[in-house]
Amino acid sequence: MKVKKVNWLDEKQSLNQAISSGVEFAFLSPDDKQVSPFAFCKDYLQDAVQGYVNKKTRSIYGFTYNPTKHPEVSLTKTKLLVTNSSDVQFKTKVPHCLNFLHQIEDDLKLRKTKVYRCEMPPKQYARCGVWLFEASSRWIKSPPMISMYSLLIRVGFGYDTDQPYQDYIKDVVAGNKPCYQSVDKSRLASAEKGIFRILSSGDKKIFGSKIENNYPSDVDTGTMHNSYGIVGFAMESPKLKMPSWYED
20 MKVKKVNWLD
30 EKQSLNQAIS
40 SGVEFAFLSP
50 DDKQVSPFAF
60 CKDYLQDAVQ
70 GYVNKKTRSI
80 YGFTYNPTKH
90 PEVSLTKTKL
100 LVTNSSDVQF
110 KTKVPHCLNF
120 LHQIEDDLKL
130 RKTKVYRCEM
140 PPKQYARCGV
150 WLFEASSRWI
160 KSPPMISMYS
170 LLIRVGFGYD
180 TDQPYQDYIK
190 DVVAGNKPCY
200 QSVDKSRLAS
210 AEKGIFRILS
220 SGDKKIFGSK
230 IENNYPSDVD
240 TGTMHNSYGI
250 VGFAMESPKL
260 KMPSWYED
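The opening position of the sequence shown corresponds to residue 20 in the numbering used here, with each subsequent residue numbered one higher.
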């Protein structure tokens, strides 16, 4: 596996998160700088993209992304740092997660995710490692897509079967397969309708190609964080503001 040298972010933020252990995420800039602190809550990702695209500071639940202070979010590729300090066997699960993601990317006709091991991670991640997931820019083109991608990564770390991904998702939701993070059984159940709608209709048809259209500057941070992810998309929470996402 190829290695990536990362310029780690030396900043602490007091994040107020519903999840306190498990997989953590942070974006990586085009020039390989960590964009924001690692977070268990994946909804901070869409907050950061909205802030970067609109050149506005976004703050919520202790998280802040300031486009004049923090590194750029990569928009030509999705570059996501992934780790889990509570799982010393984390690296052994990376190939299973990739297998899971690649099946989905095949169906969406997306460039397949590549993974790099990051050099000299912060000491709390030394045993589990930090991994760069580098993928198509289409995964970041809208809040539901980056939310879906990060949820699928978390679910994919529990994938250890030859099952087609569709069957695995249904088995996790039904409780027939254990979930890597227990909280994701209910999250996946709530997101399932939205995930399969994207897989059926295609992300390009639903969200188009212009990222700025999918991260409106006049949507407040609380709404973006709580209602514009893959679960909110499945529940049609953004429909009034984003009717094009729900056109047949």
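Even glycine gets a Cβ: it sits at the ideal position worked out from N, Cα and C.
Go through its chain and collect everything with a Cβ distance to glycine 175's Cβ below 6 Å, but skip five positions before and after it.
Cys116, Phe119, Leu120
Residues in the same chain with beta-carbon distance under 7 Å from lysine 21, minus the five sequence neighbours each way, listed in chain order, please.
Tyr135
If we count the other Cβ atoms within 10 Å of its Cβ and call it buried at 16 or more, is lysine 260 buried or exposed?
exposed
Are the CB atoms of isoleucine 249 and leucine 170 nearer to each other than 8 Å?
yes
Are the region 153-170 and the region 80-98 touching by the rule of at least three beta carbon pairs closer than 8 Å?
yes
Rounding to the nearest angstrom, what Cα-Cα distance links threonine 76 and aspartate 239 in this structure?
11 Å
Among the residues of its own chain, which have a CB less than 7 Å from the CB of valine 68, if the five just before and after it don't count?
Val92, Ile159, Ile165, Tyr234
On the DSSP letters alone, give me the boundaries of the beta strand (DSSP E) that arginine 77 sits inside.
77-79
On a CA-only basis, which of Val107, Ala210, Ile172, Ser33 is nearest glutamine 143? Give me that one, please.
Val107
Buried versus exposed call for serine 236 [16 or more other C-beta atoms within 10 Å across all chains shown]:
exposed
Is the region 39-58 touching the region 212-226, taking contact as three or more C-beta pairs under 8 Å?
no
For glycine 177 and tyrosine 199, I'd like the C-alpha separation in whole angstroms.
4 Å
Given a threshold of 16 other Cβ atoms within 10 Å of its Cβ, counted over all protein chains shown, does tyrosine 84 qualify as buried or as exposed?
buried
Which two residues bound the contiguous beta strand (DSSP E) that contains lysine 96?
96-102
So what's asparagine 195 in DSSP terms, helix, strand or just coil?
coil
Here's the rule I'm using: 16 or more other beta-carbon atoms within 10 Å means buried, otherwise exposed. How should proline 197 be labelled?
exposed
With 16 as the cutoff for other CB atoms within 10 Å, does lysine 258 come out buried or exposed?
exposed
Check whether the Cβ of threonine 132 lies closer than 8 Å to any Cβ atom in chain C.
Of the protein chains in this structure there is only one, and it is not chain C.
Can you check whether the CB of phenylalanine 44 is closer than 8 Å to the CB of leucine 64?
yes
Start and end residues, beta strand (DSSP E) containing leucine 129
Here leucine 129 belongs to no beta strand (DSSP E), and DSSP marks it neither H nor E.
Which same chain residues, not among the five before or five after isoleucine 38, have their C-beta less than 8 Å away from its C-beta?
Phe59, Cys60, Gln200, Val202
Can you tell me whether methionine 243 is buried or exposed, with buried defined as 16 or more other CB within 10 angstroms of its CB?
buried
Range of the contiguous beta strand (DSSP E) that encloses serine 155:
149-155
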